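Note sheet for the following structure.
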Amino acid sequence: MSKEIVVSGIRSTGYLHLGNYFGAIQNYVLMQENYECYFFVADYHALTTHPDPKELKSNVFRVAAENIASGLDPNKVALFAQSDIPEIPELYLMLNMLAYKGELEKVPTFKEKVRNHTDNVNAGLLTYPVLMAADILVHRAAKVPVGKDQEQHLEMARNFAERFNNRYGDFFPEPQVFRFNNDAVKIMSLDGNGKMSKSENVNATIFLSDDDNTIRKKIMKAKTDAGPTEHNSEMPDYIQNLFLLMQLTSRPEVTESFKNSFNTCTVRYGDMKKQLAEDMVAFLRPIREKAAELQKDEDALRRILKEGADRGRASSSKTIAGARKLMGMNYY
Ligand code: TYM
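Counting in my numbering, the sequence shown tops out at residue 364, every number present.
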């Protein structure tokens, strides 16, 4: 039986952080065993913010290296750069004819960009979800492992697939969000302001490339408060976030014991953060070291990306041929 198809991507706009790791990459690594996987570095999406051409290549190579260091096996998955698959912009163009200005303008991530970057509201930003739909549909994927922040984009991909199917005939599956434990993991910034991200407060974001002392410093500065005064109080979201990180990196009995002390109003956040910092250091060190090692061998990374692109193109050229035929563009 053929395996279900999985697609996901990460923008090459900076260093990968715990949100990317726990929200996405961890699922990729689990999925590679049982699915036909296409994972890519979204360098076209990164162009919306006009990155320096001198830095783009090293960013793409670093994101690829960090994925592999996190456990992705390029023999099991196709790992490639988005811009190496010309079928993606081809499908993007086709889907753009089925996407409407009104619906694109309503997308919260677009509205946020318009508010915060008034000087660069380009058409690529507006059609960002269409390009993302093309990334997914070009392999006719069934499952897409992403963090909570991408769910709305995925819903749009389903809409575009459905619209294509209604107009031209049943062709695209409607891709679904996938996570192994079903819970959407959302890692918050350590200052308590919104989600952890590549571009917001870097001192409140833990990057996979941070050294031991930087990790310790950032965790010790994480937002806390004077602690609960009533037994079994509800946790503020920034405290919940520390417990989540602990649950993801510490031994279960350690997390349990701090939870008990929270519930009985005896929690000492200083001790909790010290423990979390040490567990995080131990968790990230092997990933950081392996990523650094991989980045030293540019030839090997180039080979991996090239092979991944070959596999990505084999899959996407079939889709484009099928779509063209349905659309009446099969002239020869
Ligand atoms: P990007 O590069 O912002 O993030 C990559 C992945 O990391 C997840 N993520 C988080 N998860 C939990 N908590 C956080 N704080 C957090 N921050 C980021 C994201 O949900 C995502 O899964 N548009 C996409 C890239 C993309 C894509 C695609 C993804 C382009 N085409 C096709 C899937 C399929 C993006 O900007 O992700």
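Built from N, CA and C at the ideal position, the CB exists for glycine as well.
Fair warning: this is a prediction, and the values are worked out from it, not measured in the lab.
CB-CB under 7 angstroms to H263, same chain, minus the five flanking residues each way: which ones, in chain order?
-> N295, T296, C297
What's the gap between the Cα of H171 and the Cα of S348?
-> The alpha-carbon separation between H171 and S348 amounts to approximately 5 angstroms.
Give the secondary structure of Y70 by DSSP, where H, G and I count as helix, E and B as strand, and everything else as coil.
-> strand
Closer than 8 angstroms: K175 CB and nearest the ligand TYM heavy atom | no
In angstroms with no decimal places, state the Cα-to-Cα distance between Q279 and M361.
-> Taking the Cα positions, Q279 is about 53 angstroms away from M361.
Say yes only if the C-beta of I42 is nearer than 8 angstroms to one or more non-hydrogen atoms of the ligand GTP, and no if none qualify.
-> Annotation note on the ligand GTP: not contained in the displayed structure, which lists the ligand TYM as its ligands.
For L186, which three-state DSSP category applies?
-> helix
Using the C-alpha atoms, what's the distance from D167 back to L127?
-> 11 angstroms
Write down the C-beta distance between S102 and I42 rounded to the nearest angstrom, noting that I regard them as a contact closer than 8 angstroms.
-> Wrong, their Cβ atoms sit about 11 angstroms apart, outside the cutoff.
DSSP three-state call for R317: helix, strand or coil?
-> helix
Pick out whichever of R320, E321, V286, R147 has its Cα sitting closest to the Cα of K305.
-> V286
Which class does G51 belong to by DSSP, given the choice of helix, strand or coil?
-> helix
By Cβ distance, which residues of its chain are closer than 6 angstroms to E68, with the 5 residues on each side in sequence left out?
-> K35, I37
Please find out if some non-hydrogen atom of the ligand TYM comes closer than 8 angstroms to the beta-carbon of Y51.
-> Inspection of the sequence shows that residue 51 is occupied by Gly rather than by Tyr. Yes, since a heavy atom of the ligand TYM falls inside the 8 angstroms radius drawn around the Cβ of G51.
Could you tell me the distance, in whole angstroms, from the CA atom of K175 to the CA atom of A258?
-> 43 angstroms
Are the segment 205-217 and the segment 58-65 touching by the rule of at least three beta carbon pairs closer than 8 angstroms?
-> yes
Going by CA-CA distance only, name the one from L337, N152, D342 that's closest to V95.
-> L337
Return yes when at least one heavy atom of the ligand TYM lies under 8 angstroms from the C-beta of N39, else no.
-> A quick correction: the sequence has Val, not Asn, at residue 39. True, at least one ligand heavy atom lies under 8 angstroms from that Cβ.
Kindly indicate which residue of D223, D303, L163 has the alpha-carbon position closest to the one of D269.
-> D223
Do you know offhand how far Y47's Cα is from M228's?
-> Spanning the two alpha carbons is a distance of roughly 12 angstroms.
Thinking C-alpha only, which one of E122, V299, L125 is nearest T256?
-> Measuring from the Cα of T256, the nearest candidate turns out to be V299.
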